[in-house]
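Novice: Take the sequence shown: its position 397, counting from 1, is numbered 397 in the UniProt record's numbering, and each next residue is one higher.
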Amino acid sequence: MQEKYIDETKQGEALVVAERSENNKKLFLESYGCQMNFSDSEIVASILSDQGYNTTLKAEEADLILLNTCSIREKAEQTVRMRLSQFKKQKEFNPKLTIGVLGCMAERLKTKFLEEEQLVDLVVGPDAYRDLPNLLKEIEGGREAINVILSKEETYADINPVRLGGNGVTAFVTITRGCDNMCTFCVVPFTRGRERSRDPHSIINECLSLYEKGYKEITLLGQNVDSYLWYGGGAKKDFGKASEMQKATAIHFSHLLEMVAKAVPGMRIRFSTSNPQDMSLEVFHVMARYDNICKYVHLPVQSGSDNMLKAMNRQHSREAYLQLIKEARRIVPEIAFSQDMIVGFCGESEEDHQATLSLMREVEYDYGYMFAYSERPGTLAHKKMQDDVPADIKQRRLAEVIALQGVLSTKRMKSYVGKTHEILIEGTSKKNEHQWKGRNSQNAVCVFDKLKGQKVGDKVSVYVYDNTQGTLLGKTIEHQ
Ligand code: SAH
Ligand code: F3S
């Protein structure tokens, strides 16, 4: 089932298995945070596979332990610190063990990490993974190693990610890195740097190669996919300097989406994350034209109050957001939406909070990811605003938005009952080995009894006869 509320203390997933018989070193690689980190870990595994490392699920047998970390909220960082402390004994026992921190915490804390966490030998930011082989050599020479240089160009376009720990059916394909939006609460622009788009040819090639390997669903990934922009080279910020010809032939996200949909017609396509201010209606028109593009958009709004949206530096109003949803539903009637919401941001009043609840009721989201505001050092909110909503009020408001989302999710799930859905089988249900688990186009999870001849990766017609808050209960429609 899709997690409704991200509990950072429970995150962290070790990834298997990149096996090459000639490799004789073992890498334990654990990822925290967003999908982008999981996708980056596949790039890291690919780079290290060329350096003699196979991945392992057992930290005890590793020569190299890497944690790909998240800084988005304080709790996410605490989880990583706790995890690191668990490796202390192992390091004492085996001084040759190398322990490294990758990703957003590495970028945020830089050399502080080496000072504060004595057992860490290696600190690498999200744009410096190509340097891992050199950094590991430095460590072999007895030094600590760090590279946290951010890049305006790096997209790892030519690196073929090793697919880790997946189901062999669904995969992530990164299309943009970084973010230029500067929401006042958010640390991402500082930890992941400037926004840049990946060469469309390398994206299409990766999708084709995934399809050949049997994958049936891809998610195009970026902090902000809708601002994807390619005009023959380079970052979005230079677009002003592009020639008229380059501007006329530039590839925007809607074009890329259409190119991918055409290139791999047998592949289901999803994308994440969309930012309301950058989303063009053309994206919805493309979604409507292609059956293989899933009818689901994750469209974070953060708050339903204009005061808060302004303080957060979101570049849209409540009204503009609601209008976008309305237009989207006109163009793609069966579309589903999910949200990210922050409660208790600086200065949030009870009225602002009520506006969030009323926006949720108006949109009727399928799912939501809801968070209490967590002040992040270095952000504009930290520098210029007061984190003035008391913790108990934040928690009460959080409980209210979570409870409301529960009601809305149940309602949306109910609307799928009594209809037939195309479900892509992703694997066996965790609760019942005689049942499959998969998702419909709207990203709703569905479980149904296994029938002879069905296998993982099949798309099957399933009649949904009932639902719970997060799951559809179905039955395969047998073809004559
Ligand atoms: N565009 C990004 C957003 C990354 S952060 C994406 O790809 O999803 C994911 C979500 O975390 C945000 O949408 C926001 O709801 C939440 N978030 C970010 N900073 C936060 C903070 N300081 N406190 C609480 N929640 C935060
Ligand atoms: Fe963060 Fe806003 Fe970008 S939430 S990732 S700064 S769109």
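Here a beta-carbon is modelled for each residue, glycine too, at the ideal position from N, C-alpha and C.
Classify GLY103 as buried or exposed, calling it buried when 16 or more other Cβ atoms lie within 10 Å of its own Cβ.
Specialist: Answer is buried; the Cβ neighbour count reaches 16.
Novice: So the candidates are SER254, ASP121, VAL343 and GLY168; which of them puts its Cα closest to the Cα of LEU136?
Specialist: Nearest of SER254, ASP121, VAL343 and GLY168 to LEU136, Cα basis: ASP121.
Novice: Quick one: is MET341 buried, meaning 16 or more other Cβ sit within 10 Å of its Cβ, or exposed?
Specialist: By the neighbour-count rule (16 or more Cβ atoms within 10 Å), MET341 is buried.
Novice: Just confirm the distance between the C-beta atoms of VAL462 and THR476, as a whole number of angstroms; I'd bet it's less than 8 Å.
Specialist: That pair is a contact at about 6 Å.
Novice: Could you name the residues of the same chain whose beta carbon sits closer than 7 Å to that of ASP127, not counting the 5 residues immediately before and after it, in chain order?
Specialist: Within the same chain, ASP127 has close Cβ partners ILE149, LEU150, SER151, GLU154 and GLY193.
Novice: So what does ASP449 bridge to, in DSSP terms?
Specialist: DSSP output for ASP449 lists GLN435 as bridge partner(s).
Novice: Ligand 1 and residue 485: does the residue's C-beta get closer than 7 Å to at least one heavy atom of that ligand?
Specialist: Past the edges of the chain, shown from 1 to 480, lies residue 485, and the structure says nothing about it.
Novice: Using DSSP with H/G/I as helix, E/B as strand and the rest coil, what is GLN339?
Specialist: Looking at GLN339 - three-state DSSP - the assignment turns out to be strand.
Novice: Are the beta-carbon atoms belonging to VAL173 and ILE146 less than 8 Å from one another?
Specialist: Going by C-beta atoms, VAL173 is not nearer than 8 Å to ILE146.
Novice: Looking at the unbroken alpha helix (DSSP H) that takes in PHE113, where does it start and where does it end?
Specialist: Counting along the chain, the alpha helix (DSSP H) containing PHE113 begins and ends at 111-116.
Novice: Look at GLU211 and THR170 and say whether their C-beta atoms are less than 8 Å apart.
Specialist: The amino acid occupying residue 211 in the given sequence is Tyr; Glu does not appear at that position. No.
Novice: Please classify LYS419: is it buried, with 16 or more other beta-carbons within 10 angstroms of its beta-carbon, or exposed?
Specialist: Exposed: under 16 other Cβ atoms inside 10 Å.
Novice: Hey, how far is the Cα of HIS382 from the Cα of ARG376?
Specialist: Rounded to whole angstroms, HIS382 to ARG376 spans 6 Å at the Cα level.
Novice: Take the Cβ of PHE93 as the centre, count every other Cβ of all protein chains shown within 10 Å, and call the residue buried at 16 or more, exposed below.
Specialist: Classification for PHE93: exposed.
Novice: Can you find a heavy atom of ligand 1 that lies under 7 Å from the Cβ of ASP226?
Specialist: Result no, Cβ not under 7 Å from ligand 1.
Novice: Take the Cβ of ASP466 as the centre, count every other Cβ of all protein chains shown within 10 Å, and call the residue buried at 16 or more, exposed below.
Specialist: Looking at its Cβ environment, which holds fewer than 16 other Cβ atoms inside 10 Å, ASP466 is exposed.
Novice: Is LEU451 near THR184, with beta carbons less than 8 Å apart?
Specialist: No, they are not a contact pair.
Novice: Any contact of the stretch 77-89 with the stretch 38-52, i.e. 3+ C-beta pairs under 8 Å?
Specialist: These segments do not touch.
Novice: Measuring only from the beta carbon, is PHE371 closer than 7 Å to any heavy atom that is part of ligand 1?
Specialist: For ligand 1, at least one heavy atom lies less than 7 Å from the Cβ of PHE371.
Novice: Is it true that the CB of VAL343 sits closer than 8 Å to the CB of VAL301?
Specialist: Cβ distance not < 8 Å, so VAL301 and VAL343 don't count as in contact.
Novice: Just checking my contact of TYR32 with ASN68 at CB under 8 Å: how many whole Å lie between their CB atoms?
Specialist: 7 Å between Cβ atoms; contact.
Novice: Taking the alpha-carbon positions, what's the VAL332 to VAL123 distance?
Specialist: Using only the alpha carbons, I get a separation of about 45 Å.
Novice: Can you give the Cα-Cα distance for LYS10 and ALA250, rounded to whole angstroms?
Specialist: Because LYS10 carries a pLDDT of 49, less than 50, the predicted location of this residue cannot be relied on, and the following value inherits that uncertainty. Those two C-alpha atoms are separated by around 42 Å.
Novice: Could you check whether the Cβ of VAL417 sits closer than 8 Å to any Cβ belonging to chain D?
Specialist: Looking at the structure shown, chain D is missing, and only one protein chain is on hand.
Novice: Considering only residues of the same chain and omitting the five flanking positions on each side of LYS437, which have a CB-CB separation below 8 Å?
Specialist: Within the same chain, LYS437 has close Cβ partners ILE425, GLU426, GLY427, THR428, SER429, LYS430, VAL445, CYS446 and VAL447.
Novice: Does the beta-carbon of LEU256 have 16 or more other beta-carbons within 10 angstroms, so that it is buried, or is it exposed?
Specialist: It counts as buried.
Novice: Can you tell me whether SER202 is helix, strand or coil according to DSSP?
Specialist: The answer is helix: DSSP assigns SER202 an H, G or I state.
Novice: Where do the ends of the beta strand (DSSP E) carrying LEU473 lie?
Specialist: Counting along the chain, the beta strand (DSSP E) containing LEU473 begins and ends at 471-476.
Novice: Tell me whether residue 481, by its Cβ, gets closer than 7 Å to a heavy atom of ligand 1.
Specialist: In the structure as shown, the chain begins at 1 and stops at 480. Residue 481 is therefore absent and cannot be evaluated.
Novice: Would the C-beta of CYS34 count as close to ligand 1, meaning under 7 Å from any of its heavy atoms?
Specialist: True, at least one ligand heavy atom lies under 7 Å from that Cβ.
Novice: Enumerate, from N- to C-terminal direction, the unbroken beta strand (DSSP E) stretches of 3 or more residues contained entirely within the stretch 144-227.
Specialist: Counting whole runs of 3 or more residues, the stretch 144-227 contains the beta strand (DSSP E) stretches 145-147, 170-174 and 217-221.
Novice: Per DSSP, which residues does LYS25 bridge with? Please list them.
Specialist: According to DSSP, which records beta bridges pairwise, LYS25 is partnered with TYR53.
Novice: In three-state terms, what does DSSP make of GLN405?
Specialist: Of the three classes helix, strand and coil, the one that applies to GLN405 here is helix, per DSSP.
Novice: Distance, Cα to Cα, GLU22 vs LEU57?
Specialist: Spanning the two alpha carbons is a distance of roughly 19 Å.
Novice: State the Cα-Cα distance for the pair ASP180 and SER441, rounded to the nearest angstrom.
Specialist: For ASP180 and SER441, the distance between alpha carbons rounds to 30 Å.
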